[in-house]
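Colleague:
Right, dumping it as structure tokens:
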């Protein structure tokens, strides 16, 4: 179960490396007064649905005693997304480099350390 989450996480990081301009374009689009509201709504809904799917996966991991019994799957799902968003913001500074891949591996290990049973 955690291997699936890890694969998902690293696919996101690899996507950021392959599409390094996307975070900047997205921020620019969200900053536009016209059309920004609809885009914000769509992104919000997408994130809400995505977090719900991650929370379900994490709930199953908790049920199987793979992760800590005292953690909240919904909060852990949000944190998962926040980690990727943080790396996306850093990618604006670093660009598409090995640094992002390296930092992604380190961030994942800390996340895993916090949730693993």
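Residue numbers (the working numbering): 31 to 147. Every residue gets a Cβ at the ideal spot worked out from N, C-alpha and C, and that includes glycine. Please read these numbers as outputs of a predicted model, since none were measured by experiment.
(1) Shortest alpha-carbon distance to residue 111 belongs to which of 75, 72, 81?
(2) Taking the alpha carbon of residue 36 as the point to measure from, which residue in 95, 77, 87, 124 has its own alpha carbon closest?
(3) Is it buried or exposed, residue 121, if we count other Cβ atoms within 10 angstroms and call 16 or more buried?
(4) What number of angstroms, rounded off, separates the C-alpha of residue 158 from the C-alpha of residue 124?
(5) Along the chain, where does the alpha helix (DSSP H) that runs through residue 119 open and close?
(6) For residue 113 and residue 46, which I take to be in contact (beta-carbon distance under 8 Å), what is that distance rounded to the nearest angstrom?
(7) State the Cα-Cα distance for the pair residue 143 and residue 101, rounded to the nearest angstrom.
(8) List the DSSP bridge partners of residue 47.
(9) Alpha carbon to alpha carbon, what distance is there between residue 58 and residue 118?
(10) Reducing DSSP to helix, strand and coil, say where residue 146 ends up.
(11) I'd like the list of long-range same chain contacts for residue 108, defined as Cβ closer than 8 Å, with 5 residues on each side in sequence excluded.
(12) Measuring straight from C-alpha to C-alpha, what distance separates residue 40 and residue 145?
Modeller: Once the coordinates are examined:
(1) When only C-alpha atoms are compared, the closest one is 81.
(2) If we check each option's Cα against that of residue 36, 87 comes out closest.
(3) Buried: at least 16 other Cβ atoms inside 10 Å.
(4) In the structure displayed, the chain extends from 31 to 147; residue 158 sits before or after that span and is not available.
(5) Taken as a continuous stretch (DSSP letters only), the alpha helix (DSSP H) holding residue 119 covers 103 to 124.
(6) With a beta-carbon spacing of about 12 Å, residue 113 and residue 46 fall beyond the 8 Å limit used to define contacts.
(7) In a straight line, the C-alpha of residue 143 is about 12 Å away from that of residue 101.
(8) Answer by DSSP bridge pairing: none, since residue 47 is not bridged.
(9) So the two alpha carbons sit approximately 14 Å from each other.
(10) Looking at residue 146 - three-state DSSP - the assignment turns out to be strand.
(11) Taking C-beta separations shorter than 8 Å and ignoring five residues to either side along the sequence, the partners of residue 108 in its chain run 81, following chain order.
(12) Put simply, the backbone Cα of residue 40 is about 17 Å away from that of residue 145.
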